[in-house]
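One structure is given here, and the rest of the page talks about it.
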Ligand code: PBG
């Protein structure tokens, strides 16, 4: 026998030497929920271990993220009041814009402060855009709200705005608006291939979503693969600096396609349901929690993501350091 692939698996040193995929804390981004009001961190029912922070607890989170050497932090706002057009999203005193300013002030510049750019946390109907009179999501009038939101976030100090609303033309519209307002250095992370997914369930608890229905007229059909590449291509043409595939684990084929195709950094978002599944199985003693987390995060990297959004970012960073 000439070929014995097992030679390279003989011991840990040999396996480490021949490993194809490596992760670094810098590749990881921690999503963080910030709730309006005081009272400190609150647990999220379906995401054990993840909390809603408040403006008071946010500076400590930023310090922890920087100490862990993470690449970035992605902020989500949980407002007290919501209305039809999501006015809290563009109010400089709105919770997300205030959170951005607090995080930027707390940061020493060693991590990238990013903000989710979408209306769903701010609208009373829970959709990612404004509605037409018959209840549909109005693409083009939503773009105007995204433009205003991008400027508010850039003004608050966000280095990256994460467009997660899946409106057509959103990257082009926001790029032009940022440039016109003088924010030429604010980067756009486009959630390009964002699927309508059951795996967002726990996130909707985390942001106290009011959505009644689904997002299938704007988020993608999970049965589609080619369309993921099309969405990524369009976003790169429109000016995206980074493109993202979301969720991650059920869409590694789409992620691999996109990574092969584009010349910008590719991110993937290991979403709330992916988190909850592993945590729940581990809590029952049905799965080795830490091993499952490391395997899942490495598989996302292996498929082609150079940036990974994960609720386990801090823990994974610690393990990566421990393993040298
Ligand atoms: C939209 C947004 C969602 C997530 C990130 N940005 C929710 C949705 O589209 O329904 C989900 C993230 C997760 O599930 O962890 N603002």
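Residue numbers (the working numbering): -17 to 306.
Ideal Cβ placement from N, Cα and C applies to all residues, glycine included.
Residue i: CB within 7 angstroms of a non-hydrogen atom of the ligand PBG
i           : result
residue 98  : yes
residue 165 : no
residue 11  : no
residue 281 : no
residue 127 : no
residue 104 : no
residue 253 : yes
residue -3  : no
residue 27  : no
residue 198 : no
residue 278 : no
residue 204 : no
residue 146 : yes
residue 233 : no
residue 177 : no
Backbone CA spacing between residue i and residue j [nearest angstrom]
i           : j           : result
residue 235 : residue 207 : 8 angstroms
residue -8  : residue 110 : 51 angstroms
residue 176 : residue 241 : 15 angstroms
residue 283 : residue 69  : 37 angstroms
residue 288 : residue 191 : 30 angstroms
residue 58  : residue 0   : 39 angstroms
residue 33  : residue -11 : 45 angstroms
residue 30  : residue 46  : 19 angstroms
residue 170 : residue 150 : 15 angstroms
residue -17 : residue 187 : 56 angstroms
residue 24  : residue 35  : 7 angstroms
residue 371 : residue 102 : The displayed coordinates of the chain run from -17 to 306. Any statement about residue 371 would go beyond what the structure contains.
residue 74  : residue 222 : 25 angstroms
residue 142 : residue 268 : 38 angstroms
residue 114 : residue -2  : 56 angstroms
residue 253 : residue -6  : 31 angstroms
Of the residues the options, the one placed nearest residue i, counting alpha carbons only
i           : options            : result
residue 165 : 16, 173, 184, 131  : 131
residue 39  : 28, 52, 18, 171    : 18
residue 136 : 114, 116, 159      : 159
residue 133 : 277, 156, 82       : 156
residue 8   : 201, 23, 48        : 48
residue 118 : 11, 217, 200       : 200
residue 108 : 221, 145, 197, 144 : 197
residue 172 : 151, 183, 144      : 144
residue 280 : -17, -15, 6        : 6
residue 125 : 26, 270, 73, 148   : 148
residue 3   : 304, 300, 276      : 276
residue 14  : 42, -4, -3, 76     : 42
residue 189 : 106, 305, 72       : 106
residue 205 : 179, 183, 20, 222  : 179
residue 272 : 61, 300, 249, 116  : 300
residue 140 : 127, 26, 56, 269   : 56
residue 37  : 27, 20, 50         : 20
residue 256 : 278, 237, 266      : 278
residue 209 : 194, 237, 193      : 237
Residues of its chain near residue i, where Cβ-Cβ distance is below 7 angstroms and the 5 sequence neighbours each way are ignored
i           : result
residue 251 : 226, 228, 229, 230, 291
residue 247 : 224, 288, 289
residue 63  : 70
residue 146 : 98, 99, 100, 173, 176
residue 295 : 10, 11, 12, 52
residue 129 : 155, 156, 159
residue 123 : 112
Close Cβ partners of residue i (< 8 angstroms) along its chain, the five nearest in sequence each way excluded
i           : result
residue 274 : 260, 263, 264
residue 217 : 153, 172, 174, 225
residue 215 : 243, 244
residue 60  : 15, 16, 17, 18, 34, 77, 103, 188, 189, 190
residue -4  : -11, -10
Close Cβ partners of residue i (< 6 angstroms) along its chain, the five nearest in sequence each way excluded
i           : result
residue 67  : 112
residue 138 : 79, 82, 83
residue 44  : 85, 88, 89
residue 54  : 11, 93, 94, 96
residue 307 : Outside the shown range of the chain (-17 to 306) lies residue 307, about which nothing can therefore be said.
residue 163 : 133
residue 168 : 136, 160
residue 239 : 211
The ligand ADP heavy atom lying under 7 angstroms from the CB of residue i
i           : result
residue 185 : Only the ligand PBG can be found as ligands here, which leaves the ligand ADP out of the picture.
* To do: Only counting runs of 4 or more residues, tell me where the alpha helix (DSSP H) segments fall wholly within the region 123 to 181, in order along the chain.
  => Qualifying alpha helix (DSSP H) stretches, in chain order: 152 to 162.
* Can you list, in chain order, the stretches of the beta strand (DSSP E) that have 3 or more residues and sit fully within the region 220 to 246? -> For the region 220 to 246, whole beta strand (DSSP E) runs of length 3 or above, ordered along the chain, are 224 to 228.
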